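A quick write-up on the structure given underneath.
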Amino acid sequence: MTATVPAGPNAPGRATIAARTLRTDRWWLQPVTTVTVLVLFIVYSTFRAFENAHFEAGAYLSPFYSPCIATGCEETAFPVLIPGPAFISPALYILVIPLGFRLTCYYYRKAYYRSFWLSPPACAVAEPHSRYTGETRFPLLFQNLHRYFFYVGLLYPVILLYDAAHTVWARDDGGYVGLGTVILVVNALLLAMYSMSCHSCRHLIGGRLVHFSKHPIRYRLWTWVSRENSRHMKWAWISLVVVAAADFYVRLLSTGAFDDPILF
Amino acid sequence: MAYEASLRVWRGDDEGGGLEDFLVEVNEGEVVLDIIHRLQATQAPDLAVRWNCKAGKCGSCSAEINGRPRLMCLTRMGTFDEEEVITITPLRAFPVIRDLVTDVWFNYEKAQSIPPFTPRERDEDGNHRMQQVDVERSQEFRKCIECFLCQDTCHVVRDHEENKPSFAGPRFLMRIAELDMHPLDTLDRRRAAQDDFGLGMCNITKCCTEVCPEGIKITDNALIPMKERVVDRKYVPKTWLGRTIGRRKD
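Chains as they are written, first to last, in our numbering: chain W, 5 to 268; chain L, 331 to 580.
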């Protein structure tokens, strides 16, 4: 029979210290901040995904609804592939890929394991769980599918750039570049940086090689992706905030809060 | 300027112990290990502490200072307020022997269990040749001084003693990554990394990287690349299907 071993750092034989942690710094600040920002994003994006309204403003299409491949879009640049009932939000068909990409992302995994699951809440702070199996079992075993979300997710920055270009040439009044166009372009570029700096991309582009010397081009690409990979956390947060901001901007235009400023 | 620092030092052994308070003189430029030595010389001659180089290269003086795994010889007293109470305990993931000294045998057992470097045949002139560009990824991991701070802070074993048999810890998963990336090594270590050394237990929360005194990017450069290599070997649909229908044996 297997003996029951107490959880936490007070297993038999270790130094007897009752405190869960002896850290004196504000170790809780990072998980609290992460939870706050992620919860705000989840609440807002869920509301917008199910709202099924105000996602188009003239030629502008919210990034939460792009590519719009279902019934319900008027100005879509893409064919209607899913002629489903109009009460189902078009966002629900396409958000699964960016959602899956971010959920299985190595950076976000760190962020939510620490902040939501407290496993651990911070370094050298005991976690509250009595048992731990990591990513060895269902459902967390599916984190290993990250690269497939990456493959499909690579299409999204391209589609979003196309959307931004579409806002210029699809206008009835001859076309102009508005503030919304710039916001959509920035959003697409940030998403591209987030995607290209991902750990799976780094592996697939060259990390899996043993002999870099036999693949000089892939080695150069790997060094570039490695450099950006060190900033992956930054790209993850910035692109998350900007995609919500871009959607909010389109919503404001759609509800008539103000007119899109013409830049040139 | 010298001042008296308030220290709380864990004293005891595997049968019990606790934190004891001391006031110890501190001079400008000193590190925590200097203060522990002064405490030993002036007030607690039987205080057990493991140390050697005093230069952050031997990895002996690992301890937890204000709850954070650190090397005592690299922790400057100047980083604390003069009024601050500084708590020093032994590493909490390993059995304590006495005072600040722990039994780190777990790590040596794990090191022994890793299949050694297995190079390919030598060239005709008897040499091994490899390009610098091919080996420099592995060289980052060779900076490891085996202080075992990463092993100590990793919650997989720190908070779950029961995981020790199945999890090698970041230091030794990094060793497996080092060998797997080595241009001369011939073993495929990917399946063993997952099945025998517990790579799947790692949830990449990066504490190992945070505490490494050598600044090795353990998570980003060793553990995650190794996880991706395991995906190549175990979870790519083609490989998975091959195993399922019996066309692939390993």
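Even for Gly, the Cβ is constructed at its ideal location relative to N, Cα and C.
Values in this document were obtained by computation on a predicted structure and should not be read as measured data.
Per-residue contacts from residue i into chain W (C-beta, under 7 Å)
{"i": "asparagine 396 (chain L)", "result": "Leu26, Arg27 and Thr28"}
{"i": "valine 561 (chain L)", "result": "Asn148 and Arg151"}
{"i": "isoleucine 554 (chain L)", "result": "Tyr110 and His203"}
{"i": "glycine 545 (chain L)", "result": "Neighbours of glycine 545 (chain L) on chain W: none; closest Cβ ~12 Å, over 7 Å."}
{"i": "glycine 346 (chain L)", "result": "Thr20"}
{"i": "tyrosine 565 (chain L)", "result": "Asn148"}
Buried or exposed by the 16-neighbour rule on C-beta atoms within 10 Å, applied to residue i
{"i": "leucine 85 (chain W)", "result": "exposed"}
{"i": "histidine 170 (chain W)", "result": "buried"}
{"i": "cysteine 383 (chain L)", "result": "exposed"}
{"i": "glutamine 481 (chain L)", "result": "buried"}
{"i": "lysine 218 (chain W)", "result": "exposed"}
{"i": "phenylalanine 68 (chain W)", "result": "buried"}
{"i": "phenylalanine 527 (chain L)", "result": "buried"}
{"i": "histidine 203 (chain W)", "result": "buried"}
{"i": "threonine 8 (chain W)", "result": "Summary for threonine 8 (chain W): the model assigns pLDDT 42, below 50, so the residue's position carries little reliability; its value from the coordinates is reported in the next sentence. Result: exposed."}
{"i": "phenylalanine 447 (chain L)", "result": "exposed"}
{"i": "tryptophan 340 (chain L)", "result": "buried"}
{"i": "threonine 417 (chain L)", "result": "buried"}
{"i": "isoleucine 554 (chain L)", "result": "buried"}
{"i": "valine 156 (chain W)", "result": "exposed"}
{"i": "methionine 5 (chain W)", "result": "The pLDDT assigned to methionine 5 (chain W) is 36, lower than 50, so where the model puts this residue is not dependable; a value taken from the coordinates is nonetheless given after this. It is exposed - the Cβ of methionine 5 (chain W) has fewer than 16 other Cβ atoms within 10 Å."}
{"i": "leucine 337 (chain L)", "result": "buried"}
{"i": "glycine 348 (chain L)", "result": "exposed"}
{"i": "threonine 40 (chain W)", "result": "exposed"}
{"i": "threonine 405 (chain L)", "result": "buried"}
{"i": "leucine 159 (chain W)", "result": "exposed"}
{"i": "proline 10 (chain W)", "result": "The predicted model places proline 10 (chain W) with a pLDDT of 48, which falls under 50 and marks its position as unreliable; any figure quoted below should be read in that light. Proline 10 (chain W) comes out exposed."}
{"i": "tyrosine 333 (chain L)", "result": "exposed"}
7 Å Cβ cut-off: residues of chain L touching residue i
{"i": "glycine 88 (chain W)", "result": "The premise fails here: glycine 88 (chain W) is roughly 28 Å from chain L at the closest Cβ pair, so nothing lies under 7 Å."}
{"i": "isoleucine 101 (chain W)", "result": "Simply none; closest approach about 18 Å."}
{"i": "glycine 211 (chain W)", "result": "Pro555 and Glu558"}
Cross-chain neighbours of residue i in chain L, by beta carbon under 9 Å
{"i": "tyrosine 223 (chain W)", "result": "Val463"}
{"i": "proline 35 (chain W)", "result": "Those within 9 Å of proline 35 (chain W) in chain L number zero; the least Cβ separation is about 11 Å."}
{"i": "phenylalanine 216 (chain W)", "result": "Gln461, Val463, Asp464, Glu466, Arg467 and Pro513"}
Nearest-angstrom beta carbon gap, residue j and residue i [assumed within contact, 8 Å]
{"i": "valine 361 (chain L)", "j": "alanine 335 (chain L)", "result": "At roughly 12 Å, the Cβ-Cβ gap does not stay under 8 Å, so valine 361 (chain L) and alanine 335 (chain L) are not in contact."}
{"i": "valine 229 (chain W)", "j": "methionine 200 (chain W)", "result": "6 Å"}
{"i": "alanine 53 (chain W)", "j": "alanine 95 (chain W)", "result": "4 Å"}
{"i": "phenylalanine 352 (chain L)", "j": "leucine 369 (chain L)", "result": "6 Å"}
{"i": "valine 431 (chain L)", "j": "valine 379 (chain L)", "result": "7 Å"}
{"i": "isoleucine 101 (chain W)", "j": "isoleucine 73 (chain W)", "result": "Not really, about 12 Å apart at Cβ, beyond 8 Å."}
{"i": "leucine 529 (chain L)", "j": "alanine 523 (chain L)", "result": "5 Å"}
{"i": "proline 394 (chain L)", "j": "alanine 128 (chain W)", "result": "The amino acid occupying residue 394 (chain L) in the given sequence is glutamate; proline does not appear at that position. Sure, about 7 Å apart at Cβ, within 8 Å."}
{"i": "threonine 4 (chain W)", "j": "glycine 499 (chain L)", "result": "Only positions 5 to 268 of chain W appear in this structure, which leaves residue 4 (chain W) out of reach."}
{"i": "isoleucine 46 (chain W)", "j": "tyrosine 180 (chain W)", "result": "That belief does not hold up - the Cβ atoms of isoleucine 46 (chain W) and tyrosine 180 (chain W) are roughly 35 Å apart, past 8 Å."}
{"i": "glycine 17 (chain W)", "j": "valine 486 (chain L)", "result": "Not quite, the Cβ-Cβ distance comes to about 18 Å (not below 8 Å), so this is no contact."}
{"i": "proline 399 (chain L)", "j": "threonine 483 (chain L)", "result": "5 Å"}
{"i": "arginine 520 (chain L)", "j": "aspartate 562 (chain L)", "result": "7 Å"}
{"i": "leucine 280 (chain L)", "j": "serine 392 (chain L)", "result": "Residue 280 (chain L) lies beyond the stretch modelled for chain L, which goes from 331 to 580, so this question has no answer here."}
Amino acids of chain W, ordered along the chain, whose beta-carbon sits closer than 8 Å to that of residue i
{"i": "asparagine 457 (chain L)", "result": "By Cβ distance, chain W contributes nothing, its closest Cβ being about 17 Å from asparagine 457 (chain L), past 8 Å."}
{"i": "tryptophan 570 (chain L)", "result": "Neighbours of tryptophan 570 (chain L) on chain W: none; closest Cβ ~10 Å, over 8 Å."}
{"i": "aspartate 411 (chain L)", "result": "The contacting residues do not exist; aspartate 411 (chain L) stays about 10 Å from chain W at best."}
{"i": "phenylalanine 424 (chain L)", "result": "Arg18"}
{"i": "glutamate 540 (chain L)", "result": "Cys127"}
{"i": "tryptophan 340 (chain L)", "result": "Ala19 and Ile21"}
{"i": "aspartate 550 (chain L)", "result": "His203, Asn233 and Ser234"}
{"i": "asparagine 420 (chain L)", "result": "For clarity, residue 420 (chain L) is proline in the given sequence; the question names asparagine instead. Ordered by position in chain W, the residues that pass the 8 Å Cβ test against proline 420 (chain L) are Ala19."}
Residues that residue i contacts on chain L, provided the C-beta gap is smaller than 8 Å
{"i": "glutamate 139 (chain W)", "result": "Gly530, Met531, Cys532 and Asn533"}
Cross-chain neighbours of residue i in chain W, by beta carbon under 9 Å
{"i": "aspartate 351 (chain L)", "result": "Within chain W, no residue comes near aspartate 351 (chain L); the closest Cβ sits about 14 Å away, beyond 9 Å."}
{"i": "proline 399 (chain L)", "result": "Cys127 and Ala128"}
Proximity test, Cβ basis, 9 Å: residue i and chain A
{"i": "lysine 536 (chain L)", "result": "Although the question refers to chain A, the structure presented lacks it and instead comprises the protein chains W and L."}
Against chain L, which members of the region 119–131 of chain W pass a CB distance test of less than 7 Å? Correct list: Ser123, Pro124, Cys127, Ala128, Ala130 and Glu131.
Pull out every residue of the region 509–527 of chain L whose Cβ sits closer than 7 Å to any Cβ of chain W, in chain order. The region 509–527 of chain L vs chain W, Cβ under 7 Å: Met511 and Pro513.
Residues in the region 479–499 of chain L having any Cβ partner in chain W nearer than 7 Å: Of all residues in the region 479–499 of chain L, Thr483, His485, Val486, Arg488, Asp489, His490, Glu491, Glu492 and Asn493 have a Cβ within less than 7 Å of some Cβ in chain W.
Interface residues of the region 366–381 of chain L facing chain W [CB-CB below 7 Å]: Across the region 366–381 of chain L, no CB contact with chain W closer than 7 Å is found for any residue.
Taking contact to mean at least 3 C-beta pairs separated by less than 8 Å, is the region 220–240 of chain W in contact with the region 135–153 of chain W? With the cut-off at 8 Å, the region 220–240 of chain W and the region 135–153 of chain W do not touch.
Touch check for the region 440–449 of chain L and the region 372–392 of chain L: three-plus C-beta pairs under 8 Å? Not touching, per the Cβ criterion.
For the structure I just gave you, are there three or more beta carbon pairs, one from the region 496–510 of chain L and one from the region 463–471 of chain L, closer than 8 Å? A contact exists between the region 496–510 of chain L and the region 463–471 of chain L.
Would you check if the region 104–117 of chain W and the region 487–502 of chain L touch, i.e. whether three or more CB-CB distances between them fall below 8 Å? Here the region 487–502 of chain L does not lie against the region 104–117 of chain W, with fewer than 3 beta-carbon pairs under 8 Å apart.
Between the region 175–194 of chain W and the region 242–256 of chain W, are three or more C-beta pairs nearer than 8 Å? Output reads yes: the region 242–256 of chain W touches the region 175–194 of chain W.
Cβ contact (3+ pairs, closer than 8 Å) linking the region 415–427 of chain L and the region 448–468 of chain L: Because the criterion of three Cβ pairs below 8 Å is not met, the region 415–427 of chain L and the region 448–468 of chain L do not touch.
Indicate whether the contact test is met: 3 or more Cβ pairs, each with one atom in the region 112–128 of chain W and one in the region 201–218 of chain W, closer than 8 Å. Fewer than three Cβ pairs drawn from the region 112–128 of chain W and the region 201–218 of chain W lie within less than 8 Å of each other, which leaves the two stretches out of contact.
The region 16–30 of chain W in contact with the region 126–140 of chain W per 3-pair CB rule at 8 Å: With contact defined as three or more Cβ pairs closer than 8 Å, the region 16–30 of chain W and the region 126–140 of chain W are in contact.
For the region 162–184 of chain W, which residues have a beta carbon sitting closer than 9 Å to at least one beta carbon of chain L? Listed by position along the chain: nothing, the set is empty.
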